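Below is one structure, written out as structure tokens, with a few remarks after it.
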Amino acid sequence: MNVIDPLSPLSFLQQRLTYMEQNPSSQWTNLLDNVPVWPSGVPKTESLSSESCRKLRSHYADCAGDLELREHIATKETEKFEGDLSAENVQITNGALHAISLVLQAHRKQCDTLVCQTPVFRGVTQCARALGYRVKLLPNGRSGEPSVLLALAQMNERTLLYLNSPNNPTGYTLSESEVAPLVKRAQEVKTCVLLDAVYDDFQYEAIPSYTLDLENLYVFGSMSKAYGCPGLRVGWVVGARERIKPLAARLETQCVSVNSEAQAIALCMLQRGNEELRSHCAAMRQYLKSTLPNIPQLLYQVPQAGLQFYAWLAVHDIEETADYLLTRNLTAFTTSENYEGSPGPYIRIPLGLPLETLQNGILALSDFFSSSASGHLRIERRKNEEVFHAFAS
Ligand SMILES: Cc1ncc(COP(=O)(O)O)c(C=O)c1O
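FYI, the numbering for the sequence shown is 1 to 393, going by the numbering used here.
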């Protein structure tokens, strides 16, 4: 049965989510979103009284964002990037994608091309195209590393460069030696690098630190992944003061300001920290690392960072397979359609979900590969590996 309509304007992820919502009596296993789930529920924000929340509801927030929240983020980013950051280096937005959109809008007069590290989350490329940008995809290497030389060759005053580290979906984390020459080139040709760091809190091997000059660099963050709270719709962009300042006026004309109550909750959560969530993700990554080898039809690299395993499946048609898993195994996965620059039959296995959800997801995959009904969807493992290596090299 086909759940997906390729002509629908909605993403495949959204269409599968809608399908589940329209069939509420089924016992779904939902692995669609790569949002980590707090092991004992999203923490309460007790320091924020209901009285102060009621007060917040009665006024518009500053269009640049709440001052204390911006100060907190500036301090947090100073630790990572070095340099003297203040609230004036931070703009609060309705999530990171909104921040990326505002920055793309701000550069649209000067720039007409967005060069992207791949794979790239389709939300970003669609946003760029909607604003009239041409999108160029940079091929990547075997471990997901972008070609710095190719990126350098593409950069000029008409292009912006979008990097995502840790990368969604590969988890590849850029080193300072990869980012620094790109930022330097941006300075030389008078353009900017956009560094989407929404998965930065989820590092499992080495924690990178950068000493980058923010003059030609924007860095994006969000509560959606780092605090498992996409419903808050609170994100931010950090950059040079003179580049950040005009973003507030742009945001004001588009939506006045970001929800004041959501910003207060975000501040409470940032002050509290996300240690449990990060430990949970690290533990679930270990679990998947030890369990996934039991399904030989999956090929993947253990992610060094980020929130998912990105697995190549031994199947002919990944969308048919995902629809089959949804309708027969009641298990929803997101496929490579969510990305550009990632051709092939991939699914992602989010690693921040509750153990039971992951166990059910793995069971569904094992059942799928052992069921004779799925035979027509399978291809030989040997052949897959050849294709995998041809693609990855
Ligand atoms: C790489 C990347 N950037 C940005 C976003 C958007 O995040 P937000 O919910 O903060 O808008 C996502 C969401 O999946 C993402 O994966």
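Glycine is no exception: its CB is placed at the ideal position from the N, C-alpha and C atoms. Note that the structure is predicted; figures quoted are calculated from it, not measured.
CB contact flag (residue i, residue j, <7 Å)
i, j, result
"Asn-168", "Phe-202", "no"
"Pro-39", "His-316", "no"
"Ala-322", "Phe-309", "no"
"Pro-230", "Val-35", "yes"
"Gln-301", "Glu-205", "no"
"Cys-116", "Ser-257", "no"
"Val-234", "Gln-254", "no"
"Phe-81", "Tyr-210", "yes"
"Gly-306", "Gly-171", "yes"
"Ala-87", "Arg-70", "yes"
"Leu-152", "Val-183", "no"
"Leu-195", "Leu-163", "yes"
"Ala-74", "Asn-89", "yes"
"Glu-157", "Lys-190", "yes"
"Leu-326", "Val-3", "yes"
"Asn-338", "Leu-13", "yes"
"Ile-295", "Ser-366", "yes"
"Ala-249", "Leu-214", "no"
Residues of its chain near residue i, where Cβ-Cβ distance is below 8 Å and the 5 sequence neighbours each way are ignored
i, result
"Glu-261", "Cys-53, Leu-56 and Arg-57"
"Asp-5", "Gln-15"
"Leu-292", "Leu-298, Tyr-300, Phe-309, Ala-311, Ile-349 and Ile-362"
"Val-179", "Leu-163, Ser-165, Val-193, Leu-195, Tyr-210 and Leu-212"
"His-72", "Leu-267, Leu-270 and Gln-271"
"Met-155", "Val-115, Leu-161, Leu-182, Arg-185, Ala-186, Val-189 and Thr-191"
CB contact check: residue i to chain B, cutoff 7 Å
i, result
"Gly-171", "The structure shown contains no chain B, having only a single protein chain."
Contact belief for residue i with residue j at Cβ below 8 Å, rounded distance in angstroms
i, j, result
"Val-350", "Leu-31", "It should be noted that the sequence gives Pro, not Val, for residue 350. Right, the Cβ-Cβ distance comes to about 6 Å (below 8 Å), so this counts as a contact."
"Thr-331", "Ala-364", "4 Å"
"Tyr-227", "Leu-277", "7 Å"
"Ser-177", "Pro-208", "Wrong, their Cβ atoms sit about 10 Å apart, outside the cutoff."
"Gln-271", "Phe-369", "With 8 Å as the limit, Gln-271 and Phe-369 do not qualify as a contact, their Cβ atoms being about 46 Å apart."
"Leu-288", "Leu-358", "7 Å"
Coarse secondary structure for residue i, derived from DSSP in three states
i, result
"Glu-385", "Because Glu-385 sits at a pLDDT of 42, beneath the cut-off of 50, its placement in the model cannot be relied upon, and the following sentence gives the value as read from the coordinates. In the structure shown, Glu-385 sits in a helix (DSSP, three-state: H, G or I)."
"Arg-285", "helix"
"Thr-331", "strand"
"Ala-249", "helix"
"Ala-392", "Residue placement at Ala-392 cannot be trusted, given a pLDDT of 37 that sits under 50; what the coordinates show is reported in the next sentence. If DSSP states are grouped into helix, strand and coil, Ala-392 belongs with the helices."
"Cys-116", "strand"
"Ser-222", "strand"
"Gln-263", "helix"
"Leu-353", "coil"
"Ala-314", "coil"
"Arg-134", "strand"
"Asn-216", "helix"
"Ala-228", "Inspection of the sequence shows that residue 228 is occupied by Gly rather than by Ala. Gly-228: coil per DSSP, three-state reduction."
"Tyr-346", "strand"
"Phe-202", "coil"
"Gln-126", "helix"
"Ala-240", "coil"
"Gln-308", "strand"
"Pro-146", "strand"
"Gly-141", "coil"
"Asn-2", "coil"
Cβ shell of residue i (< 7 Å), same chain only, five flanking positions each side left out
i, result
"Arg-134", "Asp-112 and Thr-113"
"Ile-265", "Thr-45, Leu-48 and Leu-232"
"Cys-192", "His-107, Leu-160, Ala-186, Asn-216, Leu-217 and Tyr-218"
"Gly-361", "Thr-29, Leu-31, Thr-331 and Ile-349"
"Ala-197", "Ser-165, Val-219, Phe-220 and Gly-221"
"Val-37", "Gly-228, Gly-352, Leu-353 and Pro-354"
"Met-181", "Going by the sequence as given, residue 181 is Pro instead of Met. The answer, listed in chain order, is Val-148 and Leu-152."
"Tyr-19", "Val-3 and Leu-326"
"Met-1", "Asp-323 and Thr-327"
"Gly-83", "Leu-214"
"Ala-128", "Leu-104, Leu-114 and Val-135"
"Ser-8", "Gln-15"
"Ser-143", "Tyr-172 and Gln-301"
"Val-42", "Gly-228 and Cys-229"
Proximal residues to residue i (C-beta, below 6 Å), its chain only, five neighbours per side dropped
i, result
"Ser-342", "Pro-119 and Ser-336"
"Glu-77", "Leu-85 and Val-238"
"Pro-345", "Leu-313, Val-315 and Ile-318"
"Pro-146", "Gln-117, Leu-138 and Asn-140"
"Met-223", "Cys-229, Leu-232, Val-234 and Ala-266"
"Leu-247", "Gln-91 and Leu-102"
"Asn-94", "Arg-233 and Val-258"
"Asn-384", "The predicted position of Asn-384 is uncertain, since its pLDDT is 43 and thus under 50; no value can be drawn from it."
"Asp-66", "Gln-263"
Q) Along the chain, which unbroken stretches of the beta strand (DSSP E) at least 3 residues long are found entirely within the stretch 150-196? A) 159-164 and 193-196
(Q) Restricting to runs no shorter than 4 residues, where is the alpha helix (DSSP H) found entirely within the stretch 50-110? (A) 50-57, 67-81 and 96-107
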